[in-house]
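Visitor: The sequence shown begins at 13 in my numbering and counts up one residue at a time. Where a beta carbon is used, it is the ideal one built from N, C-alpha and C, also for glycine. Computed from a prediction, not measured in an experiment: that's the story for all the values here.
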Amino acid sequence: MGEMKVPGDTYYGCQTARSLVNFDIGDDVMPRPLIRAFGILKLAAARTNRDLGVLDREIADWIVDAGEEVMHGDLDA
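Here you go:
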């Protein structure tokens, strides 16, 4: 598939960047409450797995921080 440059300040990787280039994604957006729920789910899972010792504390904390940003709408466009 080749290399794909993704800006460092994004919360997605090369697969999403490729999809944005190669497919007509459209203008549909997920409802805000569903996106907020994903943030809550991710941070709860990260905290639980951190507390169980199955997820590295530093990585878990990064996921929790991102989940809180999603939950609070800090990343809304």
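Please classify L64: is it buried, with 16 or more other beta-carbons within 10 angstroms of its beta-carbon, or exposed?
Guide: Against the sequence shown, residue 64 aligns to sequence position 52. When all chains shown are included, L64 counts as exposed.
Visitor: Taking all protein chains shown into account, do 16 or more other C-beta atoms lie within 10 angstroms of the C-beta of V82, making it buried, or fewer, making it exposed?
Guide: Sequence index remark: in the sequence shown, residue 82 carries index 70 (1-based). Classification for V82: buried.
Visitor: Within this structure, are the beta carbons of Y23 and A78 separated by less than 8 Å?
Guide: Mapped onto the sequence shown, residue 23 falls at position 11. Mapped onto the sequence shown, residue 78 falls at position 66. Yes. Within cutoff.
Visitor: Exposed or buried, G51, counting other C-beta atoms within 10 Å across all chains shown (16 or more means buried)?
Guide: The residue you call residue 51 lines up with position 39 of the sequence shown. Counting Cβ neighbours within 10 Å, G51 comes out buried, since at least 16 surround it.
Visitor: With C-beta atoms as the reference, is A72 less than 8 Å away from R62?
Guide: Along the sequence shown, read from residue 1 onward, the residue named residue 72 stands at position 60. Along the sequence shown, read from residue 1 onward, the residue named residue 62 stands at position 50. Their beta carbons are under 8 Å apart, which means A72 touches R62 by this criterion.
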